[in-house]
Amino acid sequence: MESNLDDVRKDVISCTRCELSKSRTNAVPGTGQIETGIVFIGEAPGRNEDLQGEPFVGAAGKILSEALAYAGFSREDVYITNVVKCRPPDNRRPNKQEIDSCGIYLKKELEIIKPKMICILGNTAFGSLLGGGEITKNRGKVIKRDGQLYFVTVHPAAIIYNQELRQVIKDDLKALHDILDKIKKGIKIEINE
Ligand code: URA
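Note that the working numbering numbers the sequence shown so that position 111 is 101, with each residue one more than the last.
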């Protein structure tokens, strides 16, 4: 039987595949609309996400919502998820084993949604999805890999530590909005293969 996002959600909520399941309050499945085919992928839930069971509802979420609105996206019209669905203690970066064991859920989400565009938020998602290292060289660009389009930008939480990035993420998401408009109108866009 084919699975759908509700099945993935249920599987995430009851998952015990890694140690993070022992320290979490709630697992945090992806949320949002899938019809537009635009998926934003962050790193892992933080404290507020862990408490509420929803992605990007804390300080980083506020920055993401602000940048989405600035760029002309409605937060309700996109799908938002994370590479890892449970909060790593003290908000440390998830390790390889955690990323690998949680990967089945992200893979299923993407198989079901078949995104037109995946927006990578920050280094962890960049590394996990595209094997990337330095995000600064790739941010603001569209990358095509195995037939899938990706757009790369900084992680919203990075703005908490570096206010100069606040406008960077806004401008990147505005550029992404323009790119999606062009794709819709059949206008050629620059793609890095
Ligand atoms: N940071 C993330 O990467 N994801 C969240 O859901 C919240 C903060």
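Glycine included, each C-beta is placed from N, C-alpha and C at the ideal position.
Burial of Gly32 is indicated by the presence of at least 16 other C-beta atoms within 10 angstroms of its C-beta. Between Thr26 and Asp67, the C-beta spacing is below 7 Å. Between the stretch 81 to 99 and the stretch 39 to 53, the count of Cβ pairs shorter than 8 Å is below three; the stretches do not touch. Taking C-beta atoms as the reference points, Lys75 and Ala17 count as a pair closer than 7 Å. Apart from sequence neighbours up to five positions away, the residues of its chain that approach Glu44 with a beta-carbon distance below 7 Å are Val18, Thr21, ordered along the chain. Residue range 113 to 120 is occupied by the alpha helix (DSSP H) that includes Gly117.
Contact annotation: Glu99 and Thr143 have beta-carbon atoms that are not nearer than 7 Å. Not one heavy atom of ligand 1 lies closer than 6 Å to the C-beta of Gly22.
Assignment of alpha helix (DSSP H) within the stretch 27 to 71, counting only whole runs of 4 or more residues, yields 37 to 42, 49 to 61 in chain order.
The beta carbon of Ile3 sits closer than 7 Å to those of Ala17, Pro19, all from its chain and outside the five residues before and after it, given in chain order.
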